[in-house]
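> With the working numbering applied, the sequence shown has no gaps in its numbers, which climb one by one up to 133 at the end. Ideal placement from N, C-alpha and C gives every residue a C-beta, glycine not left out.
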Amino acid sequence: MPAYFVNKLNQKDGTHIVHSERCVFMPITKSLCIPLGVHNTCADAVVCASDFYENVRGCFVCLEAKNKELNTSNREMYEVEKAQNIFPW
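Printed below as a string of structure tokens:
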């Protein structure tokens, strides 16, 4: 089971994103993240992160890590976010 972190920096829409320690989108500087501990799934980590922030969701990559491929809704969400340039990096 991987460790999860919630990004302290919010997206333009105010959302804080939860990442696993293995995520390619995880901020390089861990001081920009709050450790959430080890969880079975990203969805479990999102529940934990809601103790810190009101508006939280899982990274589309981390949510789909168990399924090995993106589902349509997450792929569409990524394309919208990419087009709106709301990724902070």
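For Lys56, which three-state DSSP category applies?
For the purposes of this step, residue 56 is identified with residue 12 of the sequence shown, where counting begins at 1. Coil, per DSSP.
> Look up Cys77 in the DSSP assignment and say whether it is helix, strand or coil.
As a working note, residue 77 is residue 33 in the sequence shown. Residue state, collapsed to three classes: strand.
> If we ignore side chains and look at the alpha-carbon of each, how far apart do Val91 and Pro79 end up?
The residue given as residue 91 occupies position 47 in the sequence shown. The residue given as residue 79 occupies position 35 in the sequence shown. Taking the straight line from one Cα to the other gives about 13 Å.
> Nearest-angstrom Cα distance between Val105 and Cys67?
If you number the sequence shown from 1, residue 105 lands on position 61. If you number the sequence shown from 1, residue 67 lands on position 23. Going from the Cα of Val105 to the Cα of Cys67 covers about 7 Å.
> Going by DSSP, name the residue or residues bridged to Glu51.
Taking the first residue of the sequence shown as position 1, residue 51 is located at position 7. According to the sequence as given, residue 51 is Asn; it is not Glu. Looking at the DSSP assignment, Asn51 forms a beta bridge with Cys77.
> For Ala87, count neighbouring C-beta atoms within 10 Å of its own C-beta (all shown protein chains included) and say buried if the count is 16 or more, exposed if not.
Here residue 87 is taken as the residue at index 43 of the sequence shown, counted from 1. That one is exposed.
> Would you kindly check if the distance between the Cβ of His60 and the Cβ of Cys103 is under 7 Å?
Numbered from 1 along the sequence shown, position 59 holds the residue referred to as residue 103. Numbered from 1 along the sequence shown, position 16 holds the residue referred to as residue 60. It is not a contact, given that the beta carbons lie outside the stated cut-off.
> How is the alpha helix (DSSP H) around Val68 delimited, first residue to last?
Within the sequence shown, residue 68 is the residue found at index 24, counting from 1. From DSSP, Val68 is part of no alpha helix (DSSP H); its letter is neither H nor E.
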